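Chains as they are written, first to last, in the numbering used here: chain S, 89 to 425; chain G, 89 to 425.
Where a beta carbon is used, it is the ideal one built from N, C-alpha and C, also for glycine.
Because the structure is a prediction, the values reported are computed rather than measured.
Protein chains: 2
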Amino acid sequence: MATIRDVAKLAGVSVATISRYLNKSGYVNVETEQKIKKAIEALNYEPNTVARGLAGKKTNTIALILPDISNPFFPELARAVEDVASMYGYTVILCNSDDEGVKEKSYIEVLKKKYIDGIIFASNTLDSADVEQMAKKGIPVVCLDRVPPKQSCSVVRSKNREGAKLAVEHLLGMGCRKIAHIYGPQEFITAKERLVGYEEAVKHLDWYSPTFMIQGDFRIEGGIRATELLMERHPDVDAIFAGNDLMAVGALKALHRMGVQVPGQVAVCGFDGIGMTEITQPELTTVAQPIYEMGALVSRILIKKIEGTLEADQTYELDVALVPRESTLRRNGHESS
Amino acid sequence: MATIRDVAKLAGVSVATISRYLNKSGYVNVETEQKIKKAIEALNYEPNTVARGLAGKKTNTIALILPDISNPFFPELARAVEDVASMYGYTVILCNSDDEGVKEKSYIEVLKKKYIDGIIFASNTLDSADVEQMAKKGIPVVCLDRVPPKQSCSVVRSKNREGAKLAVEHLLGMGCRKIAHIYGPQEFITAKERLVGYEEAVKHLDWYSPTFMIQGDFRIEGGIRATELLMERHPDVDAIFAGNDLMAVGALKALHRMGVQVPGQVAVCGFDGIGMTEITQPELTTVAQPIYEMGALVSRILIKKIEGTLEADQTYELDVALVPRESTLRRNGHESS
DNA sequence: ATTTTATGTGTAACCGGTACCACATACTTA
DNA sequence: TAAGTATGTGGTACCGGTTACACATAAAAT
């Protein structure tokens, strides 16, 4: 591998000039430029990223910290992040935090020492204080799905409350009368907001009772258990709105095992819009988040922040969309468009 | 951030001694050691990874190049890779190649300039010549699912041919008489081997005809189309063995649309063992690859290779296991254990 | 005619580590 | 007793870039 000094020697100029040429900083004569171009060509020279990183404290690398890439929500997000990162010449480091603060912190330490340019948090553990600290140390951070931590970083999220209402309205529109909700762990903002949205949408209805809300764990297994409990408690429910798609899948499984017809007896609606919803039987109605767009946006924001072209930190709330499918299709249903 | 020189000054020794202490290379007096420890503590010193990378050409970073992280096969693999990497103090860079040679090559260029320590290829585009070249340039490479490229790198794969036979035998054991196969793109070794396995297992049977083999694209859509074609061509098939789970899911969907009972009229078996197979209705029988283990192994091998503790390049063929589920359950079936 | 300003280039310090080599002691060993 | 070896430490050149600063010249402004 040729170095900048080799190029300088061959081109008959100093390394400073080469550097100036490479970074288009400062003046370089057109003729000199030609000589340099030729030398670079001849030596097949490629600037060394690590040396650049050391000298400039910029590595063109960002980190994506998420709970678990094998959770079906994240691959698409990661793909989006990587797509726009690579488009802008950045490389992505993948970190699985399992939502454990310790792991998250240890990753952050490692990443700082690597002169990472910025971090995307799609993990729920980090508290505002941590984010604050990062911000203070000059590491650009962008978060996904969390309340703005005192506006020290940008946040991308989607309209969970509205989404939950959309779901309930859709179910009502399809003729459902008693709609239960399986909510996710309340330490997750998303779960909380969806629960609030559900409550707001149903609390004024005559059948409403808090017993229609039941806790899940955002996973299939939790959806199954919650559904079993729910059906025992309220054999009369005719719709289940799950706080995420995995739990909705669980509901589907549980209902199937119980011999309950979906959507005939009970309609099921999920939230997230992961690919799985298209392969269940029946296909799952869901409130889809624009997952890819969220990833792309969060990545773009981070890069802007890194490159100093971001005006101000902001919270972006993306629209969700109800995707009606078989699991909520009721023969007597009339979609209220 | 304190530097090694700050520590040296505070401890009253030279940077060389600090470096020796940090890397446990060369002698350091016990008392000196204590002084250094104290100084490091006091300054909260952490060696800078980038500087180390530049000086030592070792960055403790590996790259994982795969076709697409949003393809459900890869998240679990990526998780495994990252798990063992982080266990050994390595960081993982994620690259989506879309199986396009150009992208792959461009990633490799970027990665080389970053002094990446090694690469895991789970992508199918790279030819032996490329791998050879990498090997020559001293970049450790380990591949997934490909024929050993002239043994210039280690390869981890699973027993595709055996797996296909397992599938066919299982289907026969369940009483199926006419088993079709939807095979994947033949540029993928895995697809080819599974096809061969299928052929070997059925060619001696009286009903056998090449028309029972039909091409898919390793995706759901292709599975659907292939199944439609197949059922038109052979309305008498009673089992479909798909070259991967996604196509099996497609088959399930297509059959469901046609009103064909699964497993009643047609049994369906997939290959891979991705999570999706557990949420279809009926749940999908599949030949499961040990995906996590493959990722963990490939990662461990790469790290060994990087650290020079790998004796020799080798091909590891992992066992696959038939996971019988509803989609192949036939009332008159008698599992041949 | 003189001062600015724009253009063009080189020297060398610096980023923060690693590691080779020299040098100094204190023990062994021949 | 001289040579050899294990222990301990420091100086400093490197890794391969960036960039502040000094300096030179030509064109423009006063």
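Residue i by DSSP, collapsed to three states: which one?
| i | result |
| --- | --- |
| ASN184 of chain G | strand |
| PHE329 of chain S | strand |
| LEU372 of chain G | coil |
| MET262 of chain G | coil |
| PHE300 of chain G | helix |
| TYR286 of chain S | helix |
| THR147 of chain G | coil |
| GLU399 of chain G | coil |
| TYR404 of chain G | strand |
| ILE312 of chain S | helix |
| THR179 of chain G | strand |
| VAL244 of chain S | strand |
| HIS422 of chain G | No answer about HIS422 of chain G holds up, because its pLDDT of 46 lies below 50 and its placement is not dependable. |
| THR365 of chain S | helix |
| ILE128 of chain S | helix |
| VAL411 of chain S | strand |
| MET89 of chain S | coil |
| VAL138 of chain S | helix |
| VAL118 of chain S | helix |
| ILE227 of chain S | coil |
| ILE153 of chain G | strand |
| VAL337 of chain S | helix |
Kindly list, in the order they appear in chain G, the residues whose Cβ is closer than 7 Å to that of residue i.
| i | result |
| --- | --- |
| GLN369 of chain S | HIS344, THR368, GLN369 |
| ARG167 of chain S | ASP156, ILE157, SER158, ASN184 |
| MET364 of chain S | MET364, ILE367 |
What residue range does the alpha helix (DSSP H) around residue i cover?
| i | result |
| --- | --- |
| ALA171 of chain S | Contrary to the premise, residue 171 of chain S reads as Asp rather than Ala in this sequence. First-last of the alpha helix (DSSP H) with ASP171 of chain S: 162-175. |
| ALA217 of chain S | 216-224 |
| TYR380 of chain G | 379-394 |
| ASP233 of chain S | Here ASP233 of chain S belongs to no alpha helix (DSSP H), and DSSP marks it neither H nor E. |
| LEU98 of chain G | 92-99 |
| ARG426 of chain S | Because chain S is modelled from 89 through 425, residue 426 of chain S falls outside the range shown and cannot be assessed. |
| VAL103 of chain S | 103-111 |
Where do the N-terminal and C-terminal ends of the beta strand (DSSP E) with residue i fall, by residue?
| i | result |
| --- | --- |
| GLY206 of chain S | 206-209 |
| ILE267 of chain S | 267-271 |
| GLY189 of chain G | Segment 189-201 is the alpha helix (DSSP H) holding GLY189 of chain G; no beta strand (DSSP E) there. |
| VAL356 of chain G | 355-360 |
| LEU293 of chain S | Note, LEU293 of chain S: premise wrong, no beta strand (DSSP E); not H, not E. |
Give the interface partners of residue i over in chain S, defined as CB-CB distance under 8 Å, in chain order.
| i | result |
| --- | --- |
| VAL172 of chain G | Under the 8 Å cutoff, chain S gives no residues; its nearest Cβ is about 12 Å from VAL172 of chain G. |
| SER113 of chain G | Those within 8 Å of SER113 of chain G in chain S number zero; the least Cβ separation is about 20 Å. |
For residue i, which residues in chain S fall below 9 Å Cβ to Cβ?
| i | result |
| --- | --- |
| THR179 of chain G | ALA151, ILE181, LEU182, CYS183, TYR195, VAL198, LEU199, LYS202 |
| PRO163 of chain G | ASP156, ILE157, SER158, ASN159, PRO160, PHE162, PRO163, ALA166 |
| THR147 of chain G | VAL138, LYS202 |
Starting from the beta carbon of residue i, find every residue of chain G whose beta carbon is closer than 8 Å, and list them in chain order.
| i | result |
| --- | --- |
| THR137 of chain S | VAL198, LYS201, LYS202, TYR203 |
| VAL337 of chain S | ILE367 |
Could you list which residues in chain G have their beta carbon closer than 9 Å to that of residue i, in chain order?
| i | result |
| --- | --- |
| GLU134 of chain S | GLU197, LYS200, LYS201 |
At a CB-CB cut-off below 7 Å, which residues of chain S make contact with residue i?
| i | result |
| --- | --- |
| GLY142 of chain G | Residue identity check: residue 142 of chain G is Leu in the sequence provided, not Gly. Here the neighbours are VAL138, ALA139, LEU142. |
Three or more C-beta pairs below 8 Å linking the region 327-334 of chain G and the region 348-365 of chain G: In this structure the region 327-334 of chain G touches the region 348-365 of chain G; the number of beta carbon pairs closer than 8 Å is three or more.
Are at least three pairs of beta-carbons, each pair with one atom in the region 133-147 of chain S and one in the region 156-163 of chain S, less than 8 Å apart? With the cut-off at 8 Å, the region 133-147 of chain S and the region 156-163 of chain S do not touch.
How do the region 308-328 of chain G and the region 268-278 of chain G stand: do at least 3 beta-carbon pairs fall below 8 Å, yes or no? Contact between the region 308-328 of chain G and the region 268-278 of chain G is present, because at least three Cβ pairs lie under 8 Å.
If the cut-off is 8 Å on Cβ atoms, which residues from the region 262-273 of chain S count as contacting chain G, listed in chain order? Hits within the stretch: zero.
So, does the region 243-258 of chain G touch the region 286-298 of chain G, judging by three or more C-beta pairs under 8 Å? Three or more pairs of CB atoms, one per stretch, sit closer than 8 Å, so the region 243-258 of chain G contacts the region 286-298 of chain G.
Is it the case that the region 185-194 of chain G contacts the region 204-214 of chain G, given that we only count it when at least three CB pairs across the two stretches are under 8 Å? Between the region 204-214 of chain G and the region 185-194 of chain G there are three or more inter-stretch CB-CB distances shorter than 8 Å, so the stretches are counted as touching.
Does the region 340-356 of chain G come close enough to the region 408-415 of chain G that 3 or more CB-CB pairs lie under 8 Å? Yes, the region 408-415 of chain G is in contact with the region 340-356 of chain G.
Would you call the region 380-392 of chain S in contact with the region 108-128 of chain G, where contact means no fewer than 3 C-beta pairs closer than 8 Å? No, they do not touch.
Under 8 Å: do the region 122-129 of chain G and the region 318-332 of chain G share three or more Cβ pairs, one atom per stretch? These segments do not touch.
Can you find at least 3 beta carbon pairs, one from the region 399-413 of chain S and one from the region 95-109 of chain G, that sit closer than 8 Å? Segments in contact, no.
Report yes or no: do three or more beta-carbon pairs, one from the region 130-140 of chain G and one from the region 187-205 of chain G, lie closer than 8 Å? As far as the Cβ criterion goes, the region 130-140 of chain G does not touch the region 187-205 of chain G, which means the pair count is below three.
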